[in-house]
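Taking our numbering, I'd label the letters of the sequence shown as residues 1 to 462.
What follows is a short report on a single structure.
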Amino acid sequence: MSYLLLLSDVLAKEKWMKVTVFGIGYVGLVQAAVLADVGHDVVCVDVDQQKVDNLKKGIIPIYEPGLTPIVQSNFEEGRLHFTTDAAEGVNHAEIQFIAVGTPPDEDGSADLKYVLAVAETIAKHMDKPKIIVDKSTVPVGTADKVSEKVSSVISDRNIDLSFHVASNPEFLKEGAAVSDCMKPDRIIIGTDSEHVETQMRELYSAFNRNHDRIIFMDVRSAELTKYAANCMLATKISFMNEISNLAERLGADIENVRKGIGSDERIGHHFIYAGCGYGGSCFPKDVQALVRTADGIEYEAELLKSVEAVNYRQKHLLFKHVDHFFDGDLVDKTIAVWGLSFKPKTDDMREATSRVLMEALWEKGAKVRAYDPEAMEEAQRIYGHRADLELVGTKEGALQGADMLVICTEWRAFWSPDFEVIKESLSNPVIIDGRNIYEPDLVERHGLQYYGIGRGRSVQKV
Numbered sequence: 001m002s003y004l005l006l007l008s009d010v011l012a013k014e015k016w017m018k019v020t021v022f023g024i025g026y027v028g029l030v031q032a033a034v035l036a037d038v039g040h041d042v043v044c045v046d047v048d049q050q051k052v053d054n055l056k057k058g059i060i061p062i063y064e065p066g067l068t069p070i071v072q073s074n075f076e077e078g079r080l081h082f083t084t085d086a087a088e089g090v091n092h093a094e095i096q097f098i099a100v101g102t103p104p105d106e107d108g109s110a111d112l113k114y115v116l117a118v119a120e121t122i123a124k125h126m127d128k129p130k131i132i133v134d135k136s137t138v139p140v141g142t143a144d145k146v147s148e149k150v151s152s153v154i155s156d157r158n159i160d161l162s163f164h165v166a167s168n169p170e171f172l173k174e175g176a177a178v179s180d181c182m183k184p185d186r187i188i189i190g191t192d193s194e195h196v197e198t199q200m201r202e203l204y205s206a207f208n209r210n211h212d213r214i215i216f217m218d219v220r221s222a223e224l225t226k227y228a229a230n231c232m233l234a235t236k237i238s239f240m241n242e243i244s245n246l247a248e249r250l251g252a253d254i255e256n257v258r259k260g261i262g263s264d265e266r267i268g269h270h271f272i273y274a275g276c277g278y279g280g281s282c283f284p285k286d287v288q289a290l291v292r293t294a295d296g297i298e299y300e301a302e303l304l305k306s307v308e309a310v311n312y313r314q315k316h317l318l319f320k321h322v323d324h325f326f327d328g329d330l331v332d333k334t335i336a337v338w339g340l341s342f343k344p345k346t347d348d349m350r351e352a353t354s355r356v357l358m359e360a361l362w363e364k365g366a367k368v369r370a371y372d373p374e375a376m377e378e379a380q381r382i383y384g385h386r387a388d389l390e391l392v393g394t395k396e397g398a399l400q401g402a403d404m405l406v407i408c409t410e411w412r413a414f415w416s417p418d419f420e421v422i423k424e425s426l427s428n429p430v431i432i433d434g435r436n437i438y439e440p441d442l443v444e445r446h447g448l449q450y451y452g453i454g455r456g457r458s459v460q461k462v
């Protein structure tokens, strides 16, 4: 019996619950689909009518492995519903998840306008007690603001209704979100209410049977836990990138260093890969937001600011290498780019290094021929049709007529290429590998010049 069927069978013997999720973005849709898949009755509310209509047709707005079938099956079986009617969503359930976006404001702080708008909406329509759960990544103190907003609206309505605001941050990895949601490492819930504890434990009971994964704490600690987790991971990446820059200049190989330090169980092997910088919707935004939070309480978050500065520098490293190789003359050069998404197994290009590279290349008069297994449509959406960008259907096609190959994303499809084809296709047999997926000696035996990140080889001019 599959894991999903086993969970469904388990929950069928228990009490299913009604749940409402505001926001059908990455977090909201995954969480809603997984809750429905184990038997809960879930209503998803979003202001985007086209998105709602598409979801009802089985059209999923994001690429995430395993998500499409569970959305489609649970919609067809009547456990997952999509609507733009906020009142319907509020009246559906006691538990109301807020999973809308918190984009960075101009100063890098998290913009809470969508979170507070949902809080106001819930307060306008509620006629019974509610548990309002912040699922979005929000700064410490957001639950207090949500509570103030709801109290204000209820007061204006001249009614007396109780409610609780809890924090239940997500810890999903893009590319593995469904699995992370089904088999979580931990379920963090911030609340001071015994009733909320009881309801949330019941809601997550299907995911909590092997051992107790639920950690209850105060709301502010739960809010900070999410930021601390992402900032810790970003710090590990920036630290290794800092060491890689030292390795480059000292003639050392960062891959050997990585294996050496990773064998120490206090350090471990996770998130210590040097590369061309982190991107996506979480790490850049969350580091900036926590820095701004620190600024707001007059604390100088020097380490976090350094993490951000190192990453900014690292994301410009690929262009620096390309520009140096051609001695600053990039006019009419064509650069093949493998990988557009910020990481494998997603089509998300938010804060992707590929964007930094391509935009810098275009500014210097170069052209780009690019391929990505999943992010081609997203690239087209972002950049439209332009003469200096050609999106091609295969990785080999991206090489044709190109002057150099640059790798931005470590998709599995790129790991074992035909190096002879690469050599024959490029006018300059050069690979700049932003993710260190190849062994330099192997590539060079095929007659190609190879430059990774911190591999002890400095880029030579053409």
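Don't be surprised by glycine CBs; every beta carbon is placed ideally from N, CA and C.
Whether residue i touches residue j by CB criterion (8 Å)
{"i": "alanine 370", "j": "alanine 379", "result": "yes"}
{"i": "leucine 405", "j": "isoleucine 422", "result": "yes"}
{"i": "threonine 191", "j": "phenylalanine 216", "result": "yes"}
{"i": "glutamate 410", "j": "proline 344", "result": "yes"}
{"i": "valine 138", "j": "valine 115", "result": "yes"}
{"i": "lysine 130", "j": "glutamate 94", "result": "yes"}
{"i": "alanine 143", "j": "glutamate 77", "result": "no"}
{"i": "valine 146", "j": "glutamine 96", "result": "no"}
{"i": "methionine 126", "j": "leucine 161", "result": "yes"}
{"i": "glycine 454", "j": "asparagine 311", "result": "no"}
{"i": "glycine 339", "j": "cysteine 408", "result": "yes"}
{"i": "asparagine 74", "j": "alanine 36", "result": "yes"}
{"i": "methionine 17", "j": "glutamate 248", "result": "no"}
{"i": "threonine 235", "j": "valine 307", "result": "yes"}
{"i": "alanine 99", "j": "lysine 56", "result": "no"}
{"i": "arginine 350", "j": "glycine 280", "result": "yes"}
Range of the contiguous beta strand (DSSP E) that encloses residue i
{"i": "leucine 233", "result": "Here leucine 233 belongs to no beta strand (DSSP E); instead the alpha helix (DSSP H) covers 219-250."}
{"i": "leucine 405", "result": "404-407"}
{"i": "leucine 112", "result": "It is not in any beta strand (DSSP E) - leucine 112 carries neither H nor E in the DSSP assignment."}
{"i": "histidine 92", "result": "It is not in any beta strand (DSSP E) - histidine 92 instead sits in the alpha helix (DSSP H) that spans 86-92."}
{"i": "leucine 389", "result": "389-391"}
{"i": "phenylalanine 271", "result": "That residue, phenylalanine 271, is in no beta strand (DSSP E); it is neither H nor E in DSSP."}
Exposure of residue i, with buried meaning 16 or more beta-carbon neighbours within 10 Å
{"i": "valine 331", "result": "exposed"}
{"i": "methionine 232", "result": "exposed"}
{"i": "threonine 20", "result": "buried"}
{"i": "glutamate 170", "result": "buried"}
{"i": "tyrosine 26", "result": "buried"}
{"i": "glutamate 300", "result": "exposed"}
{"i": "alanine 352", "result": "buried"}
{"i": "glutamine 31", "result": "buried"}
{"i": "proline 373", "result": "buried"}
{"i": "glutamine 449", "result": "buried"}
{"i": "threonine 334", "result": "buried"}
{"i": "alanine 309", "result": "exposed"}
{"i": "glutamine 460", "result": "exposed"}
{"i": "alanine 228", "result": "exposed"}
{"i": "glutamate 148", "result": "exposed"}
Residue i (DSSP reduced to helix, strand or coil)
{"i": "leucine 11", "result": "For leucine 11, the pLDDT reaches just 44, beneath the cut-off of 50, and the residue's location in the model is therefore unreliable, leaving the point undetermined."}
{"i": "tyrosine 312", "result": "helix"}
{"i": "valine 331", "result": "coil"}
{"i": "phenylalanine 75", "result": "helix"}
{"i": "glycine 190", "result": "strand"}
{"i": "histidine 446", "result": "coil"}
{"i": "valine 150", "result": "helix"}
{"i": "tryptophan 362", "result": "helix"}
{"i": "histidine 81", "result": "strand"}
{"i": "isoleucine 131", "result": "strand"}
{"i": "leucine 340", "result": "coil"}
{"i": "isoleucine 382", "result": "helix"}
{"i": "valine 287", "result": "helix"}
{"i": "arginine 412", "result": "helix"}
{"i": "phenylalanine 326", "result": "coil"}
{"i": "valine 52", "result": "helix"}
Limits of the unbroken alpha helix (DSSP H) element including residue i
{"i": "cysteine 282", "result": "Run containing cysteine 282: none; DSSP gives neither H nor E here."}
{"i": "alanine 166", "result": "Alanine 166 -> not in any alpha helix (DSSP H); beta strand (DSSP E) instead, spanning 163-167."}
{"i": "tyrosine 26", "result": "26-37"}
{"i": "lysine 461", "result": "Here lysine 461 belongs to no alpha helix (DSSP H), and DSSP marks it neither H nor E."}
{"i": "isoleucine 261", "result": "254-262"}
{"i": "phenylalanine 419", "result": "419-425"}
Closer than 7 Å: residue i CB and nearest the ligand MN heavy atom
{"i": "lysine 149", "result": "Although the ligand MN was asked about, the structure shown includes no ligands whatsoever."}
Are the region 412-420 and the region 437-454 in contact at 8 Å, needing three or more beta carbon pairs? yes
Examine the Cβ distances between the region 185-202 and the region 146-161 and report whether three or more of them are shorter than 8 Å. no
Could you tell me whether the region 284-304 touches the region 103-114, where touching means 3 or more Cβ pairs closer than 8 Å? yes
Should the region 47-54 be called in touch with the region 190-206, which here means at least 3 C-beta pairs below 8 Å? no
Could you check whether the region 265-273 touches the region 223-240, counting it as contact only if at least three pairs of C-beta atoms, one from each stretch, sit closer than 8 Å? yes
Check whether the region 75-94 and the region 51-60 touch, using three or more Cβ-Cβ pairs below 8 Å as the test. yes
For the region 307-325 and the region 36-45, state whether three or more C-beta atom pairs, one from each stretch, are separated by less than 8 Å. no
Mind the definition here: the region 258-268 touches the region 201-212 only if three or more C-beta pairs lie below 8 Å; say whether that holds. no
Meets three-Cβ-pair contact criterion under 8 Å: the region 60-73 and the region 174-181: yes
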